[in-house]
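Q: Using the UniProt record's numbering, read the sequence shown as starting at 1 and increasing by one per residue.
We treat Cβ as the ideally placed atom computed from N, Cα and C, and that holds for glycine.
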Amino acid sequence: MGMGRGSAIMVLLLCLFVIESEMVHAATYRVGGAGGWTFNTVGWPKGKHFRAGDRLVFKYSPGAHNVAVVNKSGYAGCKTQRGSKVYHSGKDQITLVRGMNYFICSFVGHCQFGMKIAIYAP
Ligand SMILES: *[C@@H]1O[C@H](CO)[C@@H](O)[C@H](O)[C@H]1NC(C)=O
Ligand SMILES: [Cu+2]
Numbered sequence: 001m002g003m004g005r006g007s008a009i010m011v012l013l014l015c016l017f018v019i020e021s022e023m024v025h026a027a028t029y030r031v032g033g034a035g036g037w038t039f040n041t042v043g044w045p046k047g048k049h050f051r052a053g054d055r056l057v058f059k060y061s062p063g064a065h066n067v068a069v070v071n072k073s074g075y076a077g078c079k080t081q082r083g084s085k086v087y088h089s090g091k092d093q094i095t096l097v098r099g100m101n102y103f104i105c106s107f108v109g110h111c112q113f114g115m116k117i118a119i120y121a122p
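1. Can you tell me which of the three DSSP states R51 falls into?
2. Based on the DSSP output, what are the partners of P62 in its beta bridges?
3. So K116 is in the beta strand (DSSP E); what residue range does that whole segment cover?
4. Identify which residue in S7, W37 and G4 has its Cα closest to the Cα of Q93.
5. Beta strand (DSSP E) containing G99: first to last residue?
6. I'd like to confirm the pairing. Which residues does DSSP put opposite R30 in its beta bridges?
7. Taking the straight line between their C-alpha atoms, what separation do you get for C105 and P62?
8. On the premise that A118 lies in contact with Y87, defined as a C-beta separation below 8 Å, what is that separation, rounded to the nearest angstrom?
9. Sort G35, R5, N40 and G4 by Cα distance to H110 and report the nearest one.
10. By how many angstroms is the C-alpha of G114 removed from the C-alpha of H49?
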């Protein structure tokens, strides 16, 4: 008893639909908008609806800033933890993981001047 040609096509279409809807959800954001990754970016995520798999692009002058991936306490206390992943190319692309994502600039004082973002990605 085999599948009819019609059902095979239906299954194929369903697969394509599932793959495509996952791709459609992945968006790319330039952190900080036109100004890029700089001071007072802390409010930038507000009002945006991120999803796990979305990509953030951090644009800044390399050497002047960086991007450190930290946890909640690192974010709150502006501390880059030992073992944190630190990006410094000036054009860093980071994919959001499910849950909370915290990023700070680890140059002295920058995080305190709002160079930090916290993003929830369901
Ligand atoms: C964050 O990371 C530090 C260093 O690894 C750890 O001591 C601390 O418990 C972590 N905090 C949270 C809220 O996960
Ligand atoms: Cu900085």
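A: Quick look at the numbers:
1. coil
2. H65
3. Counting along the chain, the beta strand (DSSP E) containing K116 begins and ends at K116 to A121.
4. W37
5. G99 to I104
6. V57
7. A direct Cα-Cα distance of roughly 12 Å separates C105 from P62.
8. Their Cβ separation, rounded to whole angstroms, is 17 Å, which puts Y87 and A118 out of contact at 8 Å.
9. N40
10. 21 Å
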